[in-house]
Every structure is written in structure tokens, then in C-alpha cells.
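Beneath this line is the structure, given in C-alpha cells, with notes to follow.
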Amino acid sequence: MNQKDLKRYKKMLEDSKTSLLESAKKTLVEESSFDTDDLPDEIDLASSEYAQSMVFRLRDREKFLLQKIEKALARIEDGTFGICERCEEDISPKRLEARPVTTLCIRCKEEQEKKEKSYG
Numbered sequence: 001m002n003q004k005d006l007k008r009y010k011k012m013l014e015d016s017k018t019s020l021l022e023s024a025k026k027t028l029v030e031e032s033s034f035d036t037d038d039l040p041d042e043i044d045l046a047s048s049e050y051a052q053s054m055v056f057r058l059r060d061r062e063k064f065l066l067q068k069i070e071k072a073l074a075r076i077e078d079g080t081f082g083i084c085e086r087c088e089e090d091i092s093p094k095r096l097e098a099r100p101v102t103t104l105c106i107r108c109k110e111e112q113e114k115k116e117k118s119y120g
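Sequential numbering of the sequence shown, starting at 1, is according to my numbering.
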């Protein structure tokens with residue numbers, strides 16, 4: 001992979017990282033706390049707690065994605081970005097455009113998903 005493409009993927013990953021971190025900050029400031037005195041009845045309280053639980057689940061998923069972004073940035077630095085972990089073939093540019101954090105080529109990912117389906 002050439003340096004121009006690596007820089008483009010690095011920028012995509014860094015932009016995603018920045019966006020996730022800004023979103024997390026917003027959650028801490030605006031959404032993570034609520035005053036139970038502001039909620040007039042038990043239904044409002046339950047609804048608010050459910051909404052807060054959903055927000056935290058989404059943040060957990062974003063935390064996992066942030067870890068994948070960090071690993072992808074490390075792969076760019078060590079020269080292994082864009083190479084499938086399983087078969088060591090190049091990952092197609094289309095796949096990297098769609099999912100720059102990927103570690104598997106489309107063929108290996110499909111095989112992995114088939115195995116997971118058979119266990120599930």
C-alpha cells in the first residue's frame with residue numbers, strides 16, 4: 001500500500017476517533033445524570049432509566065470501536081495495515097474504505113461468520 005493511501009486511512013481513523021471522543025464527552029455532560037426529583041412518577045423514572053441504560057450500552061459499543069481504531073492506527077505505524085491477519089493477503093481497498101478497522105479480508109471474514117453461525 002502506498003503512503004498516500006495510508007495517510008488517507010489514517011485521517012479517516014483519526015476523524016472517527018475524534019468524533020467518538022466528542023460524543024463521549026457530550027454524554028458525560030448532558031446524558032449521564034438525571035435527577036429523580038424531576039420525574040413525577042414511577043413510569044417516568046423507569047423510562048428515564050431505560051433511556052440512560054441504552055445510552056451506556058451504545059457508549060460501550062463505541063468504546064470497543066475506539067479500541068479497534070487504536071489498533072488500526074498501530075497497524076499503520078508498524079506496516080501491517082491492510083493485510084489480512086488470517087491469510088496474510090492484501091485486504092481490498094473497497095473493504096478498507098467501508099471498514100478501515102478490519103483485520104480480515106472479505107473471504108476470511110465470510111468464513112469466520114459461517115463458523116459463528118454454525119455454533120450459534
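Every residue, glycine too, gets a C-beta built ideally from N, C-alpha and C.
| task | Check residue 90 in the structure and name its three-state DSSP category. | result | strand
| task | Give me the Cα-Cα distance between residue 81 and residue 108, rounded to the nearest whole angstrom. | result | 16 Å
| task | Can you say whether residue 100 is buried or exposed, counting buried as having 16 or more other CB atoms within 10 angstroms of its CB? | result | buried
| said: Pop quiz: residue 59 and residue 27 are said to be a contact at Cβ under 8 Å. What is the actual Cβ separation, rounded to whole angstroms? | reply: 6 Å
| task | Examine the Cβ distances between the region 12-20 and the region 44-58 and report whether three or more of them are shorter than 8 Å. | result | no
| field | First and last residue of the uninterrupted alpha helix (DSSP H) at residue 110 | value | 106-119
| What residue does the alpha helix (DSSP H) around residue 41 start on, and which one ends it? | Unbroken run through residue 41: none, as it is neither H nor E.
| Buried versus exposed call for residue 72 [16 or more other C-beta atoms within 10 Å across all chains shown] | buried
| task | Please name the residue in 87, 102, 6 whose C-alpha comes closest to that of residue 68. | result | 102
| said: By DSSP's criteria, residue 83 is part of a beta bridge. Which residues make up the other side? | reply: 90
| query | Hey, quick one: how far does the alpha helix (DSSP H) through residue 8 stretch, first residue to last? | reply | 3-26
| query | Which word fits residue 119, buried or exposed, when buried means at least 16 other C-beta atoms lie within 10 angstroms of its C-beta? | reply | exposed
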